[in-house]
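Residue numbers (the UniProt record's numbering): 1 to 159.
Structure representation (structure tokens):
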């Protein structure tokens, strides 16, 4: 896990998620290589991907992936919690390319120095619809037991 040596205020910017920028196809190949841990450091930059059937839309297969397994900043060590103290936001500036943007962590509450930083691996904007989609995945996701220990723990994580 990651702990901050200073107090953080609610709404304070923490840092960006950094990693090797790879294609969707390369990310799939790395996931299929057999080492399950590789997927845990990958973030698909598909926030703006739309309907795959609409030729005018950005498709998930056109999007990049940030893989922080072998290179990246300290935020790659932030663990999951169903009751997180941080949240990951999409940040885009000075770019028109919707395939490339930053992922930035912000404090959801005042966080005392030395407290472990956590975020919810399930995007809060997806809510129950996103979780239902994950539950319907045909081999595209793996349910693992959630060990966060939060009072509101969902019990499962989809990796």
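Backbone N, C-alpha and C define an ideal beta-carbon position, used for all residues, glycine too.
query                                                                                                                                                             : result
So within the stretch 39–94, which uninterrupted beta strand (DSSP E) runs reach at least 3 residues, ignoring any that extend past its ends?                     : 42–44, 64–67 and 86–91
Could you check what DSSP says for residue 145 in three-state terms: helix, strand or coil?                                                                       : strand
Residue 15 bridges to which residues according to DSSP?                                                                                                           : 105
So residue 29 is in the alpha helix (DSSP H); what residue range does that whole segment cover?                                                                   : 24–32
Take the Cβ of residue 152 as the centre, count every other Cβ of all protein chains shown within 10 Å, and call the residue buried at 16 or more, exposed below. : exposed
Could you have a look at residue 98 and say whether DSSP puts it in helix, strand or coil?                                                                        : coil
Is the stretch 22–31 touching the stretch 61–71, taking contact as three or more C-beta pairs under 8 angstroms?                                                  : yes
Does the separation of the CB atoms of residue 108 and residue 10 fall below 8 angstroms?                                                                         : yes
Taking residue 93 as the reference, which of 84, 86 and 103 has the closest Cα?                                                                                   : 103
To the nearest angstrom, how far is the alpha carbon of residue 158 from that of residue 13?                                                                      : 27 angstroms
Tell me whether residue 113 is buried or exposed, calling it buried when 16 or more other Cβ atoms sit within 10 Å of its Cβ.                                     : exposed
Would you kindly work out how many angstroms separate the C-alpha atoms of residue 101 and residue 30, rounded to a whole number?                                 : 22 angstroms
Among 117, 79, 72 and 96, whose alpha-carbon lies nearest the alpha-carbon of residue 186?                                                                        : Residue coverage of the chain in this structure runs from 1 to 159, which leaves residue 186 outside it and unanswerable.
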